[in-house]
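Notes follow once the structure below has been shown.
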Amino acid sequence: MLKIFNKEISDSKCLILICIFALSLFLTILNTLLFAQDDMVKYIETKQKELKAKEDFLAKEEKKLDSIKKDIEEKIEKYSKILAEIDSKLKRLEKIQTEKLDYIVKVYEGMPSEDAAAKLNIIDDDTATEIIRRMKPKKAAAIMASMEPQKVVSITNNIRRLEKKIPAN
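The sequence shown begins at 32 in my numbering and counts up by one.
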């Protein structure tokens, strides 16, 4: 009976040892899983903080860009108005210059051809060219016939150059 009792004790010890080992193994695995889960939670929290920091940075940069864009749009509008004003003033100036030149052309057309030729001989070639170019062809021919030959050549060359620059419609 002692043998049976010893065997039962021995089997009980073995069973207890197996249970302790199984419990120990279970606790070790559970502990590992819990630590892994804690590490994963910490990793996710860290990534969330990094993502939040990046979002905040991008939001600030977006505000800066919006401000710069608004500033540029305001400047474009301002400079567009200035350009329109300059264009308007240039057109008025061109109109005034054209009117003055038309008046001068009429004055020269009203002069006797010899007198007009004498005066055109002494003014600069560009001005003389513009005056002759705007005259009626018959009057211009009469005046140029009385001008110095070198001046006539210069005016003719200027007119040819101008016609090359201005495209025909």
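C-beta: ideal position from N, C-alpha, C; glycine also.
Determine, for residue i, whether the minimum Cβ-Cβ distance to residues of chain C falls below 8 Å.
i, result
"residue 86", "Absent here is chain C; the protein component of the structure consists of one chain."
Classify residue i as buried or exposed, calling it buried when 16 or more other Cβ atoms lie within 10 Å of its own Cβ.
i, result
"residue 124", "exposed"
"residue 166", "buried"
"residue 160", "buried"
"residue 47", "exposed"
"residue 53", "exposed"
"residue 127", "exposed"
"residue 84", "exposed"
"residue 186", "buried"
Checking 8 Å against the spacing of the C-beta atoms, do residue i and residue j come in under that value?
i, j, result
"residue 175", "residue 152", "no"
"residue 157", "residue 189", "yes"
"residue 139", "residue 149", "no"
"residue 162", "residue 183", "no"
"residue 173", "residue 144", "yes"
Taking the alpha-carbon positions, what's the residue i to residue j distance?
i, j, result
"residue 51", "residue 89", "56 Å"
"residue 113", "residue 107", "10 Å"
"residue 284", "residue 43", "A query on residue 284 cannot be resolved here, the shown segment of the chain reaching from 32 to 200 and no further."
"residue 154", "residue 121", "26 Å"
"residue 164", "residue 110", "37 Å"
"residue 86", "residue 93", "10 Å"
"residue 180", "residue 171", "14 Å"
"residue 194", "residue 132", "19 Å"
"residue 102", "residue 117", "22 Å"
"residue 119", "residue 96", "34 Å"
"residue 105", "residue 168", "52 Å"
"residue 141", "residue 130", "16 Å"
"residue 134", "residue 191", "24 Å"
For the ligand ADP, I want to know if residue i counts as a neighbour, meaning its beta carbon is within less than 7 Å of at least one of the ligand's heavy atoms.
i, result
"residue 85", "Only the bare structure without any ligand can be found here, which leaves the ligand ADP out of the picture."
Along the chain, where does the alpha helix (DSSP H) containing residue i start, and where does it finish?
i, result
"residue 179", "No alpha helix (DSSP H) holds residue 179; DSSP gives it neither H nor E."
Secondary structure, alpha helix (DSSP H): runs of 4+ residues fully inside the region 76–156: Annotation note: the region 76–156 contains the following uninterrupted alpha helix (DSSP H) runs of length 4 or greater, listed N- to C-terminal: 144–153.
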